[in-house]
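Quick note on our numbering: the sequence shown kicks off at 69 and runs consecutively.
Even for Gly, the Cβ is constructed at its ideal location relative to N, Cα and C.
A quick note: this is a predicted structure, and the numbers were derived from the prediction, not measured.
Everything on this sheet refers to the single structure shown next.
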Amino acid sequence: VDADHFAQHMDEIPILLVVCARLADVHPTDTALDRLSIVGGASIYPAVQNVLLAARNEGLGTALTTLLCGVEPQVKALLGIPDDISTAAMVTMGWPAKPFPEKLSRRRLSQFAFTDRYDKEPIGD
């Protein structure tokens with residue numbers, strides 16, 4: 069529901085940053101596994117996180133989305149992106165509608181980190 073609202077009002081967002089990657093520079097290491105690759109291109113996301121942090125420091129709100137990746141041919145045609153370049157993500161950016169929270173809440177470490185193995189004891193907080 070929130071995602072639908074987001075997609076329907078994307079034209080109202082002041083900055084749409086399309087993050088791209090050169091396909092020749094992407095070296096996935098998990099393509100032999102019997103599943104969809106999640107490693108290929110993942111190195112782009114630390115750079116994107118730096119953009120998000122820098123924007124937040126300037127008081128700008130951001131949202132990272134991959135909605136455009138599903139319609140990459142149309143996006144590439146619209147923006148003149150060359151064939152050897154792939155869309156990796158889009159960052160929407162603008163002044164936030166509401167103030168940033170004064171205090172952030174985080175999940176406890178024990179909710180998602182484990183000692184030695186996934187099926188072992190959670191790491192304490």
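Backbone secondary structure at residue i - three-state DSSP
i: L128; result: coil
i: S178; result: helix
i: G162; result: strand
i: P150; result: coil
Other residues of its chain near residue i: CB distance less than 7 angstroms, five sequence neighbours each side excluded
i: G162; result: I81, P82, I83, L128, G129
Beta-carbon contacts of residue i that lie in its chain and below 8 angstroms, excluding the five residues immediately before and after
i: C88; result: I149, I153, S154, T155, A156
i: R124; result: T130, F168
i: G108; result: V94, H95, P96, D98, T99
i: A165; result: G129
Spatial neighbours of residue i in its chain, beta-carbon cut-off 6 angstroms, leaving aside the 5 residues before and after
i: T133; result: M158
Which runs of the beta strand (DSSP E) fall wholly inside the stretch 69 to 115 and span at least 3 residues, in chain order? Whole beta strand (DSSP E) segments, 3+ residues: 83 to 90.
Between the stretch 170 to 188 and the stretch 147 to 154, do at least 3 Cβ pairs fall closer than 8 angstroms? The stretch 170 to 188 vs the stretch 147 to 154: no contact.
At a cut of 8 angstroms, does the stretch 93 to 100 reach the stretch 114 to 125 through at least three beta carbon pairs? no
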